[in-house]
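Trainee:
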Ligand SMILES: *Cc1c(COP(=O)(O)O)cnc(C)c1O
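Residue numbers (the numbering used here): 99 to 479.
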């Protein structure tokens, strides 16, 4: 089956009890057994729930994986993906990382003696150089947040295989519609389903997908033992969202491309990062490892925080908000919103300069979005 068909049918057979065409919200904590130990596969909803199972089977199918575990947030999914690490194990990640993931490594895992370092990673040999005898995992986001750098997943996978290191990819930005890291050699794929997979900014969730039995066992164990599961209604909302992922991503990409082209030609824009532009330094790599370039666009306005703030305040359709990947367009200012806790020099060293604005381009009419940006640059036109 092809992607759009799997999104609507994988894991979603008519309900065996009633024939309901849409997977019901099994809002139950427990399941009645016929006799001790004899039941229909479900005992308690932390361990398993049919609505969650449908979501997990669908996500496993969309990533070409064998197993998926759904979680109550993307960070709970990341935590589960790291849960098999032991004291003195070492992890290498790319530096332009989602802030919450960085905090998870830097605070939670470091206090458990799991060592962590970051490398730029656009040159894959950065990862090779950072490997120590204790390195157990390489963790990559591509495209990165917020700079939209593209990392060569197949090359990093090769480095991992050669060194017997596990390879995890946070695929939230690309989505399984545009990129399947397991097919490029990754062992684990992590999603914040809050973003494009849910797609409507109305639910927080996460997932981990893998083909490896050993990792699936560890992650399922952690899911049940720690219990950061999505409730049946949240699982159902995410499953409802994922059905339209393919059509949404086509429109996100088309709109993002038009917004990126508009910004590229604007006199008040210093630079634009969008992997779909020929001017993007890793455009060819993006075209090779992804089937599309996604809906995120980052640019630098000519000026600093006050020019950026004036621009953001004047936006009428784009909301000034955290998050991304919903049908509505969002804008944010990474230097002060998510990366504000990082000292300015370190921020700029990482390439998050004054004036950097990140757009999550929604699926409204592209002309309206461009008009909104144009008036925010220049209200007195
Ligand atoms: C949002 C996000 C996360 C964290 O997900 P939550 O659902 O907010 O916990 C992780 N990685 C990336 C790339 C994200 O955008």
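No residue lacks a Cβ here, since even glycine has one placed at the ideal position from N, Cα and C. Please read these numbers as outputs of a predicted model, since none were measured by experiment.
1) Tell me which same chain residues have a C-beta within less than 6 Å of the C-beta of residue 317, skipping the five on either side of it?
2) Considering only residues of the same chain and omitting the five flanking positions on each side of residue 59, which have a CB-CB separation below 7 Å?
3) I want to check one thing, is the minimum distance from the CB of residue 476 to the heavy atoms of ligand 1 below 8 Å?
4) What is the C-beta distance between residue 147 and residue 165, in whole angstroms, given that I count them as a contact (C-beta under 8 Å)?
5) Once DSSP output is grouped into helix, strand and coil, what is the label at residue 199?
6) Looking only at its own chain, which residues have a Cβ that is under 8 Å from the Cβ of residue 211, when we skip the five neighbours before and after it?
7) Contact defined as beta carbons within less than 8 Å: I believe residue 108 pairs with residue 156. What is the distance between those atoms, to the nearest angstrom?
8) Less than 8 Å between the CB atoms is what I'm expecting for residue 298 and residue 425, so what's the real figure, rounded?
9) Quick one: is the Cβ of residue 327 within less than 8 Å of any heavy atom of ligand 1?
10) Are the beta-carbon atoms of residue 251 and residue 238 separated by less than 9 Å?
11) Which residues bound the alpha helix (DSSP H) around residue 475?
12) Regarding residue 271 and ligand 1, is the C-beta to nearest heavy atom distance less than 8 Å?
13) So residue 160 packs on residue 203, CB below 8 Å; how close in whole Å?
14) Just how far apart, CA to CA, sit residue 228 and residue 214?
15) Counting along the chain, where does the beta strand (DSSP E) carrying residue 289 start and finish?
16) How many whole angstroms separate the CB atoms of residue 289 and residue 172, which I take to be in contact at a CB cut-off of 8 Å?
17) Please name the residue, chosen from 477, 407, 346, that lies closest to residue 458 on a Cα-to-Cα basis.
18) Check whether the Cβ of residue 422 sits closer than 8 Å to any heavy atom of ligand 1, and report yes or no.
19) List, from N- to C-terminal side, the beta strand (DSSP E) runs of 3 residues or more that fit wholly inside the region 252-333.
20) Taking 8 Å as the cut-off, is the beta-carbon of residue 243 closer than that to any non-hydrogen atom of ligand 1?
21) Expressed to the nearest angstrom, what Euclidean distance is found between the alpha-carbon atoms of residue 463 and residue 356?
22) Taking the alpha helix (DSSP H) that residue 342 falls in, what are its first and last residues?
23) So what's residue 362 in DSSP terms, helix, strand or just coil?
24) Within the same chain, show all residues whose beta-carbon is closer than 6 Å to that of residue 113, passing over the 5 residues directly before and after it, in chain order.
25) Which of the three DSSP states is assigned to residue 414 in this structure?
26) Based on the DSSP output, what are the partners of residue 213 in its beta bridges?
27) To which residues does DSSP link residue 83 through a beta bridge?
28) Output the boundary residues of the beta strand (DSSP E) element that contains residue 138.
29) Output yes if chain E places a C-beta closer than 9 Å to the C-beta of residue 177; else output no.
30) Can you tell me which of the three DSSP states residue 169 falls into?
31) Going by DSSP in three states, residue 369 sits in which element: helix, strand or coil?
Mentor: Inspection of the coordinates gives the following:
1) On the chain shown, residue 317 is found 219 positions in, with the first residue counted as 1. Contacts found: 167, 178, 306.
2) This structure leaves residue 59 out entirely; the chain is present only between 99 and 479.
3) Locating residue 476 in the chain shown gives position 378, where the first residue counts as 1. No.
4) Start at 1 with the first residue of the chain shown, and residue 147 comes out as number 49. Start at 1 with the first residue of the chain shown, and residue 165 comes out as number 67. Not quite, the Cβ-Cβ distance comes to about 16 Å (not below 8 Å), so this is no contact.
5) Taking the first residue of the chain shown as 1, we reach residue 199 at position 101. DSSP places residue 199 in helix when its eight states are reduced to three.
6) In the chain shown, counting from the first residue as 1, residue 211 sits at position 113. Excluding positions up to five away in sequence, the list reads 185, 186.
7) As a first step, residue 108 is located in the chain shown; it is residue number 10 there, counting from the start. As a first step, residue 156 is located in the chain shown; it is residue number 58 there, counting from the start. Going by Cβ atoms, the distance from residue 108 to residue 156 rounds to 5 Å, so yes, they are a contact pair.
8) Counting from one through the chain shown, the residue named residue 298 turns up at place 200. Counting from one through the chain shown, the residue named residue 425 turns up at place 327. Residue 298 to residue 425, Cβ: 6 Å. Contact.
9) Translated into positions along the chain shown, residue 327 becomes position 229. No, the beta carbon of residue 327 sits no closer than 8 Å to any heavy atom of ligand 1.
10) Taking the chain shown and counting its residues from 1, the one referred to as residue 251 is at position 153. Taking the chain shown and counting its residues from 1, the one referred to as residue 238 is at position 140. It is a contact, given that the beta carbons lie within the stated cut-off.
11) On the chain shown, position 377 is the one that residue 475 refers to. Looking at the DSSP string, the run of the alpha helix (DSSP H) that includes residue 475 is 464-475.
12) As a working note, residue 271 is residue 173 in the chain shown. Flag set: Cβ of residue 271 near ligand 1.
13) Counting from one through the chain shown, the residue named residue 160 turns up at place 62. Counting from one through the chain shown, the residue named residue 203 turns up at place 105. With a Cβ gap of about 27 Å, residue 160 and residue 203 do not count as contacting.
14) For this step, residue 228 is matched to residue 130 along the chain shown. For this step, residue 214 is matched to residue 116 along the chain shown. When rounded, the distance between both Cα atoms is 10 Å.
15) The sequence position of residue 289 within the chain shown is 191, counting from 1. Run containing residue 289: 286-290, per the beta strand (DSSP E) assignment.
16) Here residue 289 is taken as the residue at index 191 of the chain shown, counted from 1. Here residue 172 is taken as the residue at index 74 of the chain shown, counted from 1. Here residue 289 really is in contact with residue 172; their C-beta atoms are around 7 Å apart, less than 8 Å.
17) For the purposes of this step, residue 458 is taken as the residue at position 360 of the chain shown. Among 477, 407, 346, the Cα nearest to that of residue 458 belongs to 346.
18) Position 324 of the chain shown, counted from the start, is the residue given in the question as residue 422. Residue 422 Cβ: within cutoff of ligand 1.
19) 264-268, 286-290, 304-308
20) Taking the first residue of the chain shown as position 1, residue 243 is located at position 145. Correct: residue 243 has its Cβ closer than 8 Å to ligand 1.
21) Sequence index remark: in the chain shown, residue 463 carries index 365 (1-based). Sequence index remark: in the chain shown, residue 356 carries index 258 (1-based). Each residue's Cα considered, the two are about 11 Å apart.
22) Numbered from 1 along the chain shown, position 244 holds the residue referred to as residue 342. No alpha helix (DSSP H) contains residue 342, which DSSP labels as neither H nor E.
23) Mapped onto the chain shown, residue 362 falls at position 264. DSSP places residue 362 in helix when its eight states are reduced to three.
24) The residue labelled residue 113 in the question sits at position 15 within the chain shown. Closer than 6 Å at the Cβ level, and outside the excluded window around residue 113, lie 122.
25) Looking up residue 414 in the chain shown gives position 316. Three-state DSSP puts residue 414 in coil, outside helix and strand.
26) Residue mapping note: residue 213 aligns to position 115 of the chain shown, counting from 1. According to DSSP, which records beta bridges pairwise, residue 213 is partnered with 188.
27) Outside the displayed range of the chain (99 to 479) lies residue 83, so it cannot be described from this structure.
28) If you number the chain shown from 1, residue 138 lands on position 40. Taken as a continuous stretch (DSSP letters only), residue 138 belongs to no beta strand (DSSP E), as it is neither H nor E.
29) Of the chains in the structure shown, none is chain E; there is only one protein chain.
30) On the chain shown, residue 169 is found 71 positions in, with the first residue counted as 1. For residue 169, the three-state secondary structure derived from DSSP is strand.
31) In the chain shown, counting from the first residue as 1, residue 369 sits at position 271. It is a strand residue.
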